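Per my numbering, the very first residue in the sequence shown carries number 159; after that it's consecutive. Below is one structure, written out as structure tokens; the observations come after it.
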Amino acid sequence: MNRSKLLLLLIIAVIVGGFLGLDGHKLLTLENLQSHQSAIGQWIDQNLVLAVTGYAVIYVVVTALSLPGATIMTLAGGAFFGNLYGLAAVSIASTVGASLAFLVARFLMRDTLRKRYAETVSKMDRGIEKDGAFYLATLRLVPVFPFFLINLAMGLTAMKLRTYALVSWIAMLPGTFVYVNAGTQLGQIQSTGDIVSANLLLSFALLGLFPLIAKFVVGFIRRRKVYAGWQKPDHFDYNLLVIGGGSAGLVSAYIAAAVKAKVALIEKHKMGGDCLNTGCVPSKALIRSAKAADTLRHANRYGLESVPVKGSFKNIMNRVKDVIAKVEPHDSPERYRKLGVDCISGEASFVSPWELEVKHNDGRTERLTARSIIVATGGKPAVPPIPGLNDMQPLTSDNLWELEEQPQRLLVLGGGPIGSELAHAFARLGCHVTQVEKGERLLAKEDADVSELVLKQFESDGIDVRLKHSAAEFRIEDGEKVAYCDYEGETIRLPFDQVLVAVGRAANTSGLHLERIGVDTLPNGTVPVEDDMSLRYPNVFACGDVAGPYQFTHAAAHQAWYAAVNGLFGQFKRFKVDYRVMPWVTFTSPEVARVGLSEAEAQEQGVAYEVTRYGLDDLDRAIAESEDHGFIKVLTPPGKDKILGAVVVGAHAGEILAEFTLAMKHGLGLNKILGTIHPYPTWNESAKYAAGEWKRAHAPEGILRLLEKLHGWRRGGKNTKALRSTYAPD
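Structure below.
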């Protein structure tokens, strides 16, 4: 931090310290002002200009430094100066103070906090870019957050000072008048009879009603603004149109049908989306076959004779297809039609916020209207623009399931969950797998100790893991496919037969013609959604992979509830999506399951925490199944049993995690888990034992020492004297 910032911080610290040291926060109370009302009023009458000026200066300081008492100061402005002078003084002083707070935040904290809270600041920048000054006006008129937070937060954005000051002054004016007017009535209270006067009751009614009125007005203006230029249909074909038949779309349609709304689901390919056809279901079927192969190969772990694994890769892939076929009826058009959903095979694109053009797979084209529309078009594997990669006809999680011959040498690009799951599965099926990850470790979103345990298992199973390798070029040399990677200034040559790309996913938005309704995608390809899952327009929503930020089937289903309910009933009540407890599992072996904060995230966010660990090598069930490796790690606040986050690394980690997820969702601590009966011997006992480790670490040592002496005394003998000396009076 440079000298100018340090000097400013010192000045602020001195002023704030002086304010608190002189009990300024106690002076700025309604009771104190009323008790001195008469004396202050007389002085003001004799020194009006000086009083208004001094009052404004104090108000500026209080607002600029976010000191407590701004509300009381506003009421005092009306009580001592009346509506005219009070409104003028407060509106000018509050604007100047807010602008100074804005500048202080920008000067002192902008660079640091923009990096630390990049996603939050980016969201505010998008709001300003989309709505301009109206974004700030909304915050000022409907103060969901305290004004001092708005001052500081806006200082982190790209908004210009003159825009901030002008919009703040105009938007705060109605609220300022309501408070100043209430203050004028407080100043007129001379007796208990005045408390029930019509003017006073009306003023305080305005205080209570103003936020509601302002919210209604802002909502009305926002709707008029966003729908400007569009003609709303007089009637609608449907209550809800859903684009996409994956997890998010299916749940949205199901909810709408369950509450008897008329709903249509439009899908251009297969119902079930990625999860059923190319994602969760086939990958887990493949992983199970790989685990069976590993069990046969290491049967000696269970007292049996290990056998060489021989199998038809084609048969394995046929089994995967059989699994998909068995699950498919759950997501079939027939099932959803029986539920009351109109299932349409075709491709949809936007005509207006209420109208879609649908090109049916049979060649027909029609236009459909609905009160609300949900975009749930999912995502697809991202293929990076590496020279020569497309010539390799790369495999992705989309086309992988068409393989009939097992690649002898498989190169996997990506060390995230998808890349790691598939790399491990193919290695256990007998492929020679080389996994390339440009970062310093696998599963970079997990803690380092988690990544290390997975890496050791991968190396034990023969995977050639190449960390800090960045694929730079692909070639065919003498009929052999070769990848060239950059590694710490060197060029590494890696020959292979097939390359599997698993470096991330991109949202499916092509063909939707979102530009027709003024919606641009974000840099990561997803569409920008609000907290209620709406997409620019209050009646257009997005959920699932196309919306982000999570790329999980269960996250898509979670978002779909909010999109469907807000789409059907948003005119009466809107719900904001809740991501506070979002679990996920990576199905490597060992499995990695997490919910809540990791250690790295807690450190990055400045959250104080303790770590409780329990090794699964201590669990009887794990020992009995020769799966006694891995651990549970739970983060809690220092000295408290509240669960901030939990990670489980080991066999059945996904199932074990469910107990911690439930506890976090409903505010249950480790003591509650410890006090719950768990059947023996089960994997979920490990959750109880982890809670027991926390309890043991927080045992009351002083009380235990006294109890030890008490029990010794009750046994009789030499401990009696020690106990008596403990309790003997001084």
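Just so it is clear, CB atoms sit at the ideal spot from N, CA and C, and this is done for glycine as well. Just so we're clear, the structure is a prediction, and the values are computed from it rather than from any experiment.
Asked, Found
"For Cys-433, the three-state DSSP class (helix, strand or coil)", "helix"
"Reduced DSSP secondary structure (H/G/I, E/B, other) of Ser-756", "coil"
"Endpoints, the beta strand (DSSP E) within which Arg-529 is located", "523 to 533"
"Rounded C-alpha distance that separates Phe-584 from Phe-265", "53 Å"
"Helix, strand or coil at Val-417 according to DSSP, with G and I counted as helix", "coil"
"Ile-502, enclosing alpha helix (DSSP H) - first and last residue", "Ile-502 -> not in any alpha helix (DSSP H); beta strand (DSSP E) instead, spanning 499 to 510."
"Contiguous alpha helix (DSSP H) assignments of at least 4 residues, all confined to the region 618 to 647", "none"
"Cβ pair Phe-654, Leu-547 closer than 7 Å", "no"
"Beta-carbon gap between Gly-896 and Ala-237 smaller than 7 Å", "The question about residue 896 has no answer here: the residues shown for the chain are numbered 159 through 888."
"Beta carbon of Val-807 nearer than 7 Å to that of Leu-611", "yes"
"Assumed close pair Ala-845, Ile-814 - CB separation to whole angstroms, cut-off 8 Å", "6 Å"
"Secondary structure, beta strand (DSSP E): runs of 3+ residues fully inside the region 710 to 764", "742 to 744 and 749 to 754"
"Alpha-carbon spacing of Ala-760 relative to Leu-793, whole angstroms", "9 Å"
"Per DSSP, cross-strand counterpart(s) of Ala-323", "The partner list for Ala-323 (beta bridge, DSSP) is empty, contrary to what the question assumes."
"Spatially closest choice to Ala-247 from Glu-843, Leu-206 and Asp-622, by CA coordinates", "Leu-206"
"Cross-strand partners of Ser-405 (DSSP beta bridge)", "Per DSSP, none; premise fails for Ser-405."
"Where Ile-353 falls, given that 16 or more other Cβ within 10 Å makes a residue buried", "Caution applies to Ile-353, whose pLDDT of 36 falls short of 50 and renders its modelled position unreliable; the value that the coordinates give is listed next. It counts as exposed."
"Distance CB(Ala-809)-CB(Glu-785) smaller than 7 Å", "yes"
"Nearest neighbour of Ala-670, chosen from Tyr-385, Asn-339, His-716 and Ile-424 [CA to CA]", "Per the sequence presented here, residue 670 reads as Leu, with Ala not at that position. Measuring from the Cα of Leu-670, the nearest candidate turns out to be Ile-424."
"Residue(s) in a DSSP beta bridge with Leu-233", "Paired residues: none, contrary to the question."
"Proximity below 7 Å, CB of Val-894 to CB of Phe-616", "Residue coverage of the chain in this structure runs from 159 to 888, which leaves residue 894 outside it and unanswerable."
"Assigned exposure category for Gln-717 - 16 Cβ within 10 Å defines buried", "buried"
"First through last residue of the alpha helix (DSSP H) which encompasses Ile-859", "It is worth fixing the name first, because residue 859 is Glu in this sequence and not Ile. It spans 859 to 873 - the alpha helix (DSSP H) in which Glu-859 sits, taken as one unbroken run."
"Test item: CB-CB of Gly-908 and Gly-235 under 7 Å", "Because residue 908 is not part of the residues shown, which for the chain are 159 to 888, the question remains open."
"C-beta contact flag for Ala-705 and Ile-413 at 7 Å", "no"
"Proximal residues to Ala-629 (C-beta, below 7 Å), its chain only, five neighbours per side dropped", "Ile-544, Leu-571, Val-594, Ala-641 and Cys-643"
"Alpha-carbon to alpha-carbon, Val-750 and Glu-757", "15 Å"
"Own chain residues within Cβ distance below 6 Å of Leu-168, not counting five before or after", "none"
"contact_flag[the region 682 to 689, the region 648 to 667] where n(CB pairs < 8 Å) is 3 or more", "yes"
"Extent of the continuous beta strand (DSSP E) to which His-518 belongs", "513 to 518"
"Same chain only: Cβ atoms within 6 Å of Arg-732, ignoring 5 sequence neighbours per side", "Asp-690 and Asn-724"
"Rounded C-alpha distance that separates Leu-359 from Thr-232", "Because Leu-359 sits at a pLDDT of 47, beneath the cut-off of 50, its placement in the model cannot be relied upon, and the following sentence gives the value as read from the coordinates. When rounded, the distance between both Cα atoms is 18 Å."
"Ile-532 to Ser-692 span [Cα, whole Å]", "9 Å"
"Rounded separation between Gly-430 and Met-475 - CA only", "19 Å"
"Whole-number beta carbon distance between Lys-428 and Gly-504, since they are thought to touch under 8 Å", "Not confirmed; about 13 Å, so no contact."
"Those residues which DSSP pairs with Leu-828 across a bridge", "Partner(s): none; Leu-828 has no beta bridge."
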